[in-house]
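In full-length UniProt numbering, the protein residues as written are 1 to 428. As structure tokens, the structure follows; a few thoughts come after it.
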Ligand SMILES: Cc1cc2nc3c(=O)[nH]c(=O)nc-3n(C[C@H](O)[C@H](O)[C@H](O)COP(=O)(O)OP(=O)(O)OC[C@H]3O[C@@H](n4cnc5c(N)ncnc54)[C@H](O)[C@@H]3O)c2cc1C
């Protein structure tokens, strides 16, 4: 029975249902009185093979799946499976995020990613429309981000805005007087310069984007499975580098998925694994042996992604630390906007950052040693807004062998080993 169940992936769904009811009829005719459910429902199991297995069904995993299917050469040619352990997304960063988008970064790559996302979000129904489904409404609220700089940081702000404008973002600089005129409720003490986004900034509903992506992916033939990736089966090959250094290259050929509420696991053969496990992506990397070599070597270099920023509350649970707000956040708010002195907190929630402790920028593309693991993680506080462009970049890398639209080479894994930070001055 287990074997019969596992052939689901190879038959069309309609064929399979037909076969099951035929077999049930036969059993009933031979053994009257036997319950018809002797064949267990196996629709929750992943297929035996999938060309690509995506670990994590948050916005980044779904975006990679979307672009793989959209850009594949032959329609229906690539099997893509998304494995998500919690379909309620109770702890996923995507659903717990604020949904903000802005272009006020210092790195051209980050600006380009967020500009592309703004266009993707504005035209969401051109990308994610599904026949017979109502159009998506992302509840986009246009509202510019306002950044303030002291005398010490004013020159850096000016040069950032120059880059932002060169890349096509609509951002303006404001003197303290201009700032006071536009926003009279702000205390401008200590402010030397401000920058303000005039277009493509604001916030939107992350759940709607997640839902739209899932719905579109189902229509594109992407498989979903609720389960936890617990193990990779790999094969290794030793290679000599041009510097006469022996390195071991690994390739994952099987992903083990532990099924929900069960000790059972299902192996899925695959060619490519995408690590899109957000705050948990370092654990997924470690499962593939990443970071498990001698310190100082590429093999020993960990994926530096953790579930929180330094000095933030303990990430052991998602309880709100009200003292943190009271002591660390509120004083700054009240100083800058005196009206906030009398604010009353009405609701609060907590979420995990997919926080890259090395340089707070995303990690994109393949691992140099585990050659078929690709990353789409580590975006810290800006992963939601950059997901559309990142998914496209990872898909390009897989399908074309290089980044085609936005060159995200500064976000490759190698930088952790080389100690070369990709410095972004405006991490929010
Ligand atoms: C409070 C808060 C505010 C934020 N505000 C913004 C903002 O304004 N703008 C912005 O752009 N970004 C914001 N972010 C950041 C943004 O939410 C994240 O960068 C982004 O959602 C990351 O998406 P993801 O798909 O990588 O991760 P997630 O959404 O966390 O998805 C990862 C998924 O992987 C699954 N998973 C993990 N391990 C396994 C496993 N072993 N097997 C199977 N599944 C697994 C998890 O269940 C999870 O659903 C905010 C984050 C927080 C917490």
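Glycine residues also receive a C-beta, built at the ideal position from the N, C-alpha and C atoms.
Exposure label - residue 418; buried when at least 16 CB within 10 Å: exposed
Can you say whether residue 1 is buried or exposed, counting buried as having 16 or more other CB atoms within 10 angstroms of its CB? Any reading at residue 1 must be qualified, since the residue scores a pLDDT of 27, below 50, and its modelled position is unreliable; no value is offered.
Helix, strand or coil for residue 107? Go by DSSP, reduced to three states. In this structure, residue 107 counts as coil in the three-state DSSP scheme.
Taking 8 Å as the cut-off, is the C-beta of residue 384 nearer than that to any heavy atom in ligand 1? yes
How many angstroms separate the CA atom of residue 227 from the CA atom of residue 90? In this structure, the CA atom of residue 227 is about 15 Å from the CA atom of residue 90.
For residue 435, which residues in the same chain have their Cβ closer than 7 Å to its Cβ, ignoring the five residues on either side in sequence? Nothing can be reported for residue 435, as the shown portion of the chain is limited to 1 through 428.
Per DSSP, what are the beta-bridge partners of residue 354 in this structure? As a beta-bridge residue in DSSP terms, residue 354 pairs with 380.
If residue 270 and residue 253 are in contact, beta carbons under 8 Å, what's the gap, nearest whole angstrom? 7 Å
Give every residue of the same chain whose Cβ lies closer than 8 Å to the Cβ of residue 289, excluding the five residues on either side of it in the sequence, and list them in chain order. 234, 250, 299 and 370
Residue nearest to residue 53 in terms of C-alpha spacing, selected from 43, 65 and 125: 65
Pick out whichever of 390, 295 and 279 has its Cα sitting closest to the Cα of residue 68. Ranking 390, 295 and 279 by Cα distance to residue 68 puts 390 first.
Considering only residues of the same chain and omitting the five flanking positions on each side of residue 423, which have a CB-CB separation below 8 Å? 106, 107 and 359
Candidates 392, 176 and 427: which alpha carbon is nearest residue 71's? 392
Since residue 55 and residue 94 should fall inside the 8 Å C-beta cutoff, what is the C-beta to C-beta distance between them, to a whole number of angstroms? Not confirmed; about 15 Å, so no contact.
With 16 as the cutoff for other CB atoms within 10 Å, does residue 280 come out buried or exposed? buried
What do you reckon, are the CB atoms on residue 164 and residue 111 nearer than 9 Å? yes
Cut-off 7 Å between Cβ atoms - residues of its own chain near residue 205, not counting five sequence neighbours on either side: Once the five neighbours on either side are set aside, the close Cβ partners of residue 205 are 99, 138 and 139.
Quick check: is any heavy atom of ligand 1 less than 8 Å from the C-beta of residue 130? no
CA-to-CA distance, residue 293 to residue 378, given in whole angstroms: 21 Å
Residue 300, DSSP secondary structure in three states: coil
Below 7 Å CB to CB, which residues in the same chain sit around residue 127 once its five sequence neighbours on both sides are set aside? 120
For residue 50, count neighbouring C-beta atoms within 10 Å of its own C-beta (all shown protein chains included) and say buried if the count is 16 or more, exposed if not. By the neighbour-count rule (16 or more Cβ atoms within 10 Å), residue 50 is buried.
Per the contact definition of three or more C-beta pairs closer than 8 Å, is the segment 177-195 in contact with the segment 321-330? no
Pick helix, strand or coil for residue 97, following the three-state DSSP scheme. coil
Taking only three categories from DSSP, how would you classify residue 367? coil
Which listed residue (313, 291 and 318) has its alpha carbon closest to that of residue 305: 291
Give a yes or no on whether the C-beta atoms belonging to residue 144 and residue 197 are separated by under 9 Å. yes
If distances are taken between C-alpha atoms only, which option among 265, 333, 219 and 237 comes closest to residue 75? Of the candidates 265, 333, 219 and 237, the one whose C-alpha sits nearest the C-alpha of residue 75 is 219.
Could you pull out every residue in the same chain whose Cβ sits closer than 6 Å to the Cβ of residue 12, ignoring the five residues on either side in sequence? The predicted model places residue 12 with a pLDDT of 48, which falls under 50 and marks its position as unreliable; any figure quoted below should be read in that light. So the list is empty, once near-sequence residues are dropped.
Nearest-angstrom Cα separation, counted from residue 412 out to residue 367: 8 Å
What does DSSP give as the partner residue(s) for residue 375 in the beta ladder? 275 and 365
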